[in-house]
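Protein chains in written order, with the numbering used here: chain A, 50 to 394; chain B, 50 to 394; chain C, 50 to 394; chain D, 50 to 394.
Even for Gly, the Cβ is constructed at its ideal location relative to N, Cα and C.
Everything numeric in this text was worked out from a predicted model, so none of it was measured.
What follows is one structure encoded as structure tokens, with my remarks underneath.
There are 4 protein chains.
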Amino acid sequence: MINVGIMGATGYAGEQLAWILNNHSKVNIKFLNSHNYADMNYDEIYKNYYGFLDEVCVSTEEAFNRLNLIHVLFIALPHGKSFEITKKALELGVKVIDLGADFRLDSEDVYKNWYGIKHEYSSALKDSVYGLCELNRECIKKTNILANPGCYPTASILALAPLLKHKLIDSKNIIIDAKSGVSGAGRAAKIDSLFAECNESIKAYGIGSHRHTPEIEQELSKVFGEDIMISFTPHLVPMNRGILATCYSNLIDNLSTEELMNIYREFYKDEYFVKIVNESPETRWVRGSNLCHIGIKVDERTNRVIVVSAIDNLVKGAAGQAVQNMNIMFDLKETTGLEFLSMGL
Amino acid sequence: MINVGIMGATGYAGEQLAWILNNHSKVNIKFLNSHNYADMNYDEIYKNYYGFLDEVCVSTEEAFNRLNLIHVLFIALPHGKSFEITKKALELGVKVIDLGADFRLDSEDVYKNWYGIKHEYSSALKDSVYGLCELNRECIKKTNILANPGCYPTASILALAPLLKHKLIDSKNIIIDAKSGVSGAGRAAKIDSLFAECNESIKAYGIGSHRHTPEIEQELSKVFGEDIMISFTPHLVPMNRGILATCYSNLIDNLSTEELMNIYREFYKDEYFVKIVNESPETRWVRGSNLCHIGIKVDERTNRVIVVSAIDNLVKGAAGQAVQNMNIMFDLKETTGLEFLSMGL
Amino acid sequence: MINVGIMGATGYAGEQLAWILNNHSKVNIKFLNSHNYADMNYDEIYKNYYGFLDEVCVSTEEAFNRLNLIHVLFIALPHGKSFEITKKALELGVKVIDLGADFRLDSEDVYKNWYGIKHEYSSALKDSVYGLCELNRECIKKTNILANPGCYPTASILALAPLLKHKLIDSKNIIIDAKSGVSGAGRAAKIDSLFAECNESIKAYGIGSHRHTPEIEQELSKVFGEDIMISFTPHLVPMNRGILATCYSNLIDNLSTEELMNIYREFYKDEYFVKIVNESPETRWVRGSNLCHIGIKVDERTNRVIVVSAIDNLVKGAAGQAVQNMNIMFDLKETTGLEFLSMGL
Amino acid sequence: MINVGIMGATGYAGEQLAWILNNHSKVNIKFLNSHNYADMNYDEIYKNYYGFLDEVCVSTEEAFNRLNLIHVLFIALPHGKSFEITKKALELGVKVIDLGADFRLDSEDVYKNWYGIKHEYSSALKDSVYGLCELNRECIKKTNILANPGCYPTASILALAPLLKHKLIDSKNIIIDAKSGVSGAGRAAKIDSLFAECNESIKAYGIGSHRHTPEIEQELSKVFGEDIMISFTPHLVPMNRGILATCYSNLIDNLSTEELMNIYREFYKDEYFVKIVNESPETRWVRGSNLCHIGIKVDERTNRVIVVSAIDNLVKGAAGQAVQNMNIMFDLKETTGLEFLSMGL
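Set out below in structure tokens:
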């Protein structure tokens with residue numbers, strides 16, 4: 050059995066992590082940490098666990114004390130909060146899976162530019178592996194420090210990787226128009242996230258400046274073999290869960306929808322969690338699952354290809370992929386504990 | 050392994066049933082029937098199964114042919130559509146679990162009064178058992194024909210049974226004000242169920258005339274030992290899933306909230322799926338699970354007790370309870386395949 | 050022209066008030082006050098006004114200074130915040146319309162019991178008039194201090210008044226099961242009001258203890274002529290606007306639905322804003338309007354009558370009724386500025 | 050007074066039209082036509098009018114008979130249904146404002162290609178004017194046959210016209226990613242439009258093949274002076290109303306956000322209904338109004354400009370713009386009956 054601890058277990062990603070790990074046949078949860086809810090019963094905060102999970106949230110101080118009980122630490126904290134505990138964990142031989150952004154960017158300068166703070170554990174950056182399982186599986190197996198991808202990057206990179214790998218598109222004109230449910234804004238008490246402010250409305254935000262941009266560019270550049278710049282625009286949609294990424298690019302040659310679908314099917318042929326679907330993906334079909342649905346359509350009139358990917362932002366976009374990474378890192382069957390499908394509605 | 054067939058597998062309850070049975074460790078699905086989608090792939094209709102469930106929907110005629118392959122037939126059809134196939138199944142020694150209303154009412158006259166059609170298999174009524182597992186477990190074990198309770202009755206009866214069993218309330222003044230998500234209206238193409246007609250609105254419907262009324266009265270009367278009449282008012286709420294039943298009654302003696310909670314906890318002490326919660330239940334905490342959360346509050350000023358129960362209408366209110374009944378009927382552990390919790394959001 | 054000021058103009062009720070008064074042909078808005086947004090442009094907070102309302106929010110201190118510019122002060126502040134400015138306004142001869150709870154209850158003891166704080170301007174209570182326009186029009190005409198009814202009380206009292214006025218029901222068994230959209234919780238940054246906490250769920254809250262209870266009882270007792278106690282249970286529904294109140298009571302005599310509808314039609318025959326509808330009311334039909342729809346149904350089996358009323362909590366339940374009261378107090382046509390209907394969707 | 054008739058008054062656009070015209074100070078509604086609800090009271094279908102609009106829907110045959118009573122006919126029917134009545138109306142000297150697609154495309158061949166049916170009144174195409182008021186005002190004044198723009202085209206063209214007029218962008222790389230509320234799918238009883246199928250999900254549809262594409266291209270080409278092809282992808286969002294169009298293009302020169310905002314402000318400086326906003330538009334701020342909010346952002350890293358526009362699909366995207374066109378055609382003040390703002394929530 051793998052012993053785990055979760056930092057930030059009362060945020061939305063943390064809760065989803067607790068849900069998955071609680072069902073995982075090879076895992077013991079050793080502690081659930083919460084800054085705001087230390088010493089409260091977890092099932093008083095998330096009452097879906099009422100009668101099923103008898104755990105008291107531990108403070109951050111206490112979490113440090115318990116690092117010696119675990120094999121792997123999941124961190125679901127805001128960026129800038131992972132440095133110290135990651136260092137301590139690694140020193141103790143505890144593997145780290147960080148769901149936040151602190152170890153995703155290879156360059157501490159890029160980190161500083163986009164996140165506005167100094168990276169305080171930059172020596173770990175060379176060892177950390179970007180945990181997009183379908184692309185980096187071999188490196189994931191060997192690392193002790195895993196940077197779990199952001200939700201938007203997961204959807205975007207899975208959508209575009211086959212096109213770039215095969216150099217089928219003009220790398221100068223890639224546009225990602227992404228849409229997310231409100232859980233992506235986290236469980237912070239902000240007026241902008243109130244029901245009556247989000248419901249019955251849609252907006253773009255962070256146009257040209259969202260922090261997931263350099264992460265997408267870094268990883269797509271690796272796939273492509275050259276530096277790539279993209280335009281990325283996230284939107285907020287009145288639903289709890291889900292990300293849809295609509296990706297636009299110009300085909301270099303004439304390729305039909307069918308030809309491209311075959312290329313995608315081949316690219317992901319061994320992947321359990323990525324499905325190339327015939328019709329346009331809908332987030333509901335992957336909601337509550339670790340799946341990514343991808344649809345491809347060539348617009349012959351403009352010789353542009355539109356790839357649409359759908360994930361659940363809290364599962365494949367956060368906690369599910371984190372557990373998928375854990376499974377790889379600990380040499381378990383990759384799908385262990387992740388075989389649940391969407392209920393459909 | 051238990052071999053099963055599902056009639057009406059493309060309705061919402063049918064789909065939930067497929068979802069649960071597909072994960073059930075002791076079940077093989079032998080066929081999925083659909084009147085409207087015969088010969089279509091199931092995963093083209095419900096794309097959450099894309100790549101995971103390779104089944105073609107069979108016509109009703111074909112379902113009849115396959116009855117000899119199965120041990121139990123689940124029927125998720127509109128009322129009035131179960132008579133013939135139930136008869137045939139029972140003759141072949143196949144057990145029947147009907148999620149519809151055709152075998153819930155003991156009296157064919159009551160059936161005719163409320164459903165407006167003649168019961169065409171009334172000889173089966175004396176054998177059919179009302180499958181509210183927590184109350185009728187012993188009878189369920191022995192029956193071949195199980196009438197799975199309606200969604201509103203499940204929530205209502207679980208909420209009120211302890212009060213009536215212990216004769217703590219005035220049986221003349223029981224009011225059930227219930228609220229349901231829109232999936233309760235089914236997957237029929239009706240203007241009243243369109244997104245833009247349901248969203249951002251709430252309404253009562255079927256006031257004093259909803260067909261679940263006689264079912265609630267019949268079962269509560271059995272618990273109480275005398276005939277009971279109640280007022281039942283359902284409401285439509287803009288959400289996909291969930292039922293909340295707010296039940297009002299007048300206490301005969303002075304009892305505190307705490308005393309009543311203890312009575313409820315004792316009443317349901319051996320029940321895995323019924324939880325007496327400290328705060329007011331919310332449907333989100335049971336959504337996607339087979340649980341029923343019950344909250345109790347005495348209004349001392351009026352000596353009235355308000356009991357609120359929350360279920361997922363498609364799980365404990367339909368498919369989950371149907372599987373719970375199957376587990377009982379086939380002497381499996383009652384919770385098999387039903388241990389999933391709500392994801393919380 | 051009537052010169053007005055609004056305290057608390059950036060809350061949801063305050064904003065609705067600004068919207069209505071901005072369109073009102075006989076009103077000049079002299080100031081919009083906001084504690085949290087003092088010195089900000091109003092149209093930066095509520096961008097629906099972008100380009101149409103060029104006003105800077107004034108601080109509370111500045112609002113005091115401007116009392117001499119106005120004929121009437123609207124107060125849309127939390128309870129306990131209205132005492133001082135009301136006193137000052139009345140001294141200056143400015144009429145006050147308080148949308149909060151501070152002047153609704155006749156007894157300062159009842160106020161203290163339910164609101165948990167001492168009333169600091171109790172000498173005004175004898176002069177304040179409860180502004181449910183349809184019932185108290187004559188008193189409203191003459192008062193300088195108007196307590197605008199709560200949202201739940203407006204829906205509840207309008208639903209039950211005809212039954213109690215005519216003594217048609219057992220006054221001991223009145224139950225009000227009410228449902229509200231989330232804007233009723235106000236524009237405060239609370240986790241409980243976040244989109245992802247409210248969406249796809251329904252719950253009851255404040256069972257037996259909601260502060261609107263004594264207000265409903267006080268006014269219904271006046272209508273009935275004797276003290277009445279009711280049970281009142283509010284629920285939170287995932288929609289922005291709307292209140293539905295489902296009211297249960299036992300008929301003393303046998304009366305048909307049709308007879309009762311005629312009694313209601315007669316009772317409200319001169320009322321522009323109250324409509325007795327044939328089918329069950331839906332909040333969408335009154336959303337964004339000052340109307341109240343009332344439906345009546347006798348459950349002959351139990352001789353109980355169920356009356357359902359629907360209002361928009363921010364209009365007839367707050368700002369719209371406040372303007373209706375202003376119209377009455379200033380001898381304008383009562384419907385001035387309030388003739389807008391719901392857009393339907 | 051202008052006498053008007055409405056064909057298709059019970060669809061969502063038709064109902065919005067009835068709402069606006071009912072409040073319009075210079076209009077008499079002479080008939081409301083409905084194919085499906087002929088002879089029913091309008092306020093039984095749309096109960097927001099209960100007690101306020103006493104009209105019986107007339108059949109199509111009867112509508113023909115009443116053409117001689119009116120000055121202008123609004124047609125809110127599906128495409129292909131406007132030919133005959135338009136011809137008849139024009140022959141009688143009745144002006145026509147068609148909210149459908151039948152007279153928007155200049156070429157009957159393009160019409161046939163995209164709509165799949167033969168145009169049966171192609172002789173009228175040379176006279177019909179595309180009624181995007183802000184761009185075609187002078188032609189609108191003089192026409193008898195007005196093609197009211199589609200909802201997506203209205204948002205898209207208003208967003209892109211200034212860039213193309215000033216030739217600031219590469220016309221080969223224009224991408225429009227648009228999002229619409231569900232009312233855009235109309236009031237047809239289709240499973241895809243059911244609450245439980247749309248709620249809590251987002252999807253793209255009609256990728257590369259949506260019928261609004263040629264309309265957008267035709268009008269943008271006129272603005273630009275050369276033929277333009279664009280990629281247009283609509284999405285379905287779980288909300289009733291609203292369209293957000295996120296438009297991407299590559300700047301030819303380096304221009305700052307501020308410079309472009311000034312160009313837009315100048316371009317629309319005389320327009321009442323178009324507002325250039327400082328922050329990213331949200332559909333809620335224009336919901337229920339005839340306004341279009343436009344936000345502009347230059348992504349300096351890629352020298353791309355992202356323009357986001359927000360409208361209410363039923364108002365500026367349909368009925369509101371139709372009335373704006375009527376006002377222009379009848380030489381009324383253009384804003385008459387259209388000055389209502391969004392309520393904000």
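Beta carbon of residue i nearer than 8 Å to that of residue j
i, j, result
"C:ASN395", "C:LEU139", "Because chain C here runs from 50 to 394, residue 395 of chain C falls outside it and cannot be looked at."
"C:LEU300", "C:ARG353", "yes"
"B:ILE146", "B:ASN197", "yes"
"B:LEU66", "B:PHE123", "yes"
"B:TYR61", "B:GLY230", "no"
"D:SER391", "D:ARG314", "no"
"D:SER305", "D:VAL356", "no"
Residue environment, residue i, which counts as buried when at least 16 other CB atoms sit within 10 Å
i, result
"D:SER74", "exposed"
"D:ASP151", "buried"
"B:ALA238", "exposed"
"A:GLY165", "exposed"
"D:LEU141", "exposed"
"A:LYS324", "buried"
"D:GLY344", "buried"
Closer than 8 Å to chain A by CB, residue i
i, result
"D:THR203", "no"
"C:VAL231", "yes"
"C:ALA367", "no"
"D:VAL357", "yes"
"C:ARG333", "no"
"C:ALA87", "no"
"D:ILE224", "yes"
"C:PHE273", "no"
Residue from the options with nearest C-alpha to residue i
i, options, result
"A:ASN303", "A:VAL105, A:GLU349, A:GLU104, A:LEU126", "A:GLU349"
"C:LEU102", "C:ILE325, C:TRP68, C:TYR164", "C:TRP68"
"D:SER171", "D:CYS182, D:VAL159, D:LEU181", "D:VAL159"
"D:CYS296", "D:ILE223, D:MET310, D:GLU64, D:LYS318", "D:ILE223"
"C:GLY274", "C:ALA210, C:ILE225, C:ASN117, C:ASN374", "C:ALA210"
"D:ASP88", "D:ASN71, D:ILE78, D:ALA112, D:ASN72", "D:ALA112"
Any C-beta of chain C under 8 Å from that of residue i
i, result
"A:CYS247", "yes"
"D:LYS318", "no"
Cβ of residue i within 8 Å of any chain B Cβ
i, result
"C:ILE256", "yes"
"A:VAL76", "no"
"D:ASN289", "yes"
Anticipated Cβ contact below 8 Å, residue i with residue j, distance rounded
i, j, result
"D:HIS261", "D:GLY199", "5 Å"
"D:PRO202", "D:GLU264", "5 Å"
Beta carbon proximity, residue i to chain D, threshold 8 Å
i, result
"C:GLU64", "yes"
"C:LEU390", "yes"
"C:PHE101", "yes"
"A:LYS252", "yes"
"C:LEU285", "no"
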